[in-house]
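Q: Position in the sequence shown (from 1) plus 492 gives the number in our numbering. We put the CB at the ideal spot given by N, CA and C, even for glycine. Note that this is a predicted model, so its numbers are computed, not measured.
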Amino acid sequence: MKILFIANRAEFGGAPKCMLELITQLIDKYGVTIEVVTSSEGPIAKWCMEHNIRYYAVGHTSFAVGKGSTVFRRLAKTVLTPYYFLKS
493 MKILFIANRA EFGGAPKCML ELITQLIDKY GVTIEVVTSS EGPIAKWCME
543 HNIRYYAVGH TSFAVGKGST VFRRLAKTVL TPYYFLKS
């Protein structure tokens with residue numbers, strides 16, 4: 493079985509550490525093949541190299557726009573969504 497993980501730009505904190513622990517357990521317990529997509533040649537890519545895991549540094553960025561808490565913010569974010577999409 494192959495599993496692909498897509499890592500966000502935030503490479504520090506609890507979520508990336510949890511992902512790396514999950515990858516380790518999946519390989520050790522189930523012998524699955526893991527591949528990782530990262531946004532850059534950062535700490536996650538370095539960890540993958542050290543553990544002989546295939547990774548791809550593609551330079552992706554996250555794209556998400558929340559609804560907004562007020563009518564004005566919701567309207568502004570709706571109008572600016574194409575801009576945020578093109579920027580990402």
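(1) Is it buried or exposed for residue 547, if we count other Cβ within 10 angstroms and need 16 for buried?
(2) Nearest to residue 513 by CA position, among 536, 531, 532 and 493, is which residue?
(3) Please identify the residue among 499, 578 and 570 whose C-alpha is closest to the C-alpha of residue 538.
(4) First and last residue of the alpha helix (DSSP H) that includes residue 549?
(5) Closer than 7 Å by C-beta to residue 528: which residues in its own chain qualify, once you throw out the five before and the five after it? Chain order, please.
(6) Using the C-alpha atoms, what's the distance from residue 575 back to residue 553?
(7) What does the alpha-carbon distance come out to for the pair residue 517 and residue 567?
(8) Could you tell me the distance, in whole angstroms, from the CA atom of residue 494 to the CA atom of residue 525?
(9) Taking DSSP as the reference, what is the three-state secondary structure of residue 524?
A: If we stick to the structure as given:
(1) Mapped onto the sequence shown, residue 547 falls at position 55. Answer is buried; the Cβ neighbour count reaches 16.
(2) In the sequence shown, counting from the first residue as 1, residue 513 sits at position 21. The shortest Cα separation from residue 513 among 536, 531, 532 and 493 belongs to 536.
(3) Counted from its first residue, the sequence shown places residue 538 at position 46. Residue 499 is the option with its Cα nearest to residue 538.
(4) Looking up residue 549 in the sequence shown gives position 57. Note, residue 549: premise wrong, no alpha helix (DSSP H); beta strand (DSSP E) at 546-549.
(5) Reading the sequence shown from its first residue, position 36 is the one you call residue 528. So the qualifying residues of the chain are 497, 499, 536, 540, 545 and 547.
(6) As a first step, residue 553 must be located in the sequence shown, where it is residue number 61. As a first step, residue 575 must be located in the sequence shown, where it is residue number 83. In a straight line, the C-alpha of residue 553 is about 14 Å away from that of residue 575.
(7) Position 25 of the sequence shown, counted from the start, is the residue given in the question as residue 517. Position 75 of the sequence shown, counted from the start, is the residue given in the question as residue 567. Residue 517 and residue 567: Cα-Cα distance of roughly 45 Å.
(8) Within the sequence shown, residue 494 is the residue found at index 2, counting from 1. Within the sequence shown, residue 525 is the residue found at index 33, counting from 1. Residue 494 and residue 525: Cα-Cα distance of roughly 5 Å.
(9) The residue labelled residue 524 in the question sits at position 32 within the sequence shown. Here DSSP, grouped into helix, strand and coil, assigns residue 524 to coil.
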